[in-house]
Every structure is written in C-alpha cells, then in structure tokens.
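As structure tokens, the structure follows; a few thoughts come after it.
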Amino acid sequence: METWDPAARSPHNWAILNESDVPLRRTGLGCGEDKTSVQYGGEHHLAPTQQSGDIARDYEIAEAGWHQAKNDKAD
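By our numbering, the letter at position 8 of the sequence shown is numbered -12, and the numbering carries on one by one without gaps.
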C-alpha cells in the first residue's frame, strides 16, 4: 500500500539558518516549512570524534528551532 501522498510537501535538503539567516547546517532530508529533519547515523557515527561533531550539530539545529528524527541501521 502506498503511504506517500504526492500532494504533500516534499522533503528534501534544506539549509538550516541561524537568526541572521546565515547557513549553519544542511539537512540530509528535511521539511523547511515544518522545521523538521531526519538524521541517519551510520556506523561512522560511533567514533568519539564523530559523536562530538554530532552533538555540536544537534545543539545548533535545536537552537535554530528545528526538530530532528534520528535513525540508525536498526530502524
């Protein structure tokens, strides 16, 4: 059964902007109208240096008013 509604807003890459409209990050998949993004964490996200970067990214995205759905290979 098809669950995707072609009339719905399409998710795609979005630039996440700060208060001054300066790009902070880009979403892999997101909906700018709803300020929602999907993050997929592959195995490289298990490395300590990558985890530090991910934490910084998550903070910046939250500060910009965006919500994240985080997924990994188990999802």
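All C-beta atoms in this analysis are idealised placements derived from N, C-alpha and C, irrespective of residue type, glycine included.
Practice problem: On the DSSP bridge assignment, give the partners of Lys50 in chain order. | Solution: Here residue 50 refers to the residue found at position 70 when the sequence shown is read from its first residue. Note: Lys50 sits in a beta bridge opposite Gln19.
Self-check item: Beta-carbon separation (whole angstroms), Ser17 vs Thr7, contact threshold 8 Å
Solution: Mapped onto the sequence shown, residue 17 falls at position 37. Mapped onto the sequence shown, residue 7 falls at position 27. Rounded, the Cβ-Cβ distance is 4 Å, consistent with contact.
Quiz item: So His25 and Asp34 are in contact, right, with Cβ under 8 Å, and what is the actual spacing, rounded?
Solution: Counting from 1 along the sequence shown, the entry for residue 25 is found at position 45. Counting from 1 along the sequence shown, the entry for residue 34 is found at position 54. Taking a contact as a CB-CB distance under 8 Å, the pair His25 and Asp34 counts as one, their CB atoms being some 6 Å apart.
Self-check item: Nearest neighbour of Asn51, chosen from Ala44, Gln19 and Leu(-3) [CA to CA]
Solution: For the purposes of this step, residue 51 is taken as residue 71 along the sequence shown, with counting starting at 1. Checking every option, the nearest Cα to that of Asn51 belongs to Gln19.
Practice problem: Could you round the C-beta distance between Ala44 and Leu9 to whole angstroms and report it? I think they count as a contact, below 8 Å. | Solution: In the sequence shown, the residue the question calls residue 44 occupies position 64. In the sequence shown, the residue the question calls residue 9 occupies position 29. At roughly 16 Å, the Cβ-Cβ gap does not stay under 8 Å, so Ala44 and Leu9 are not in contact.
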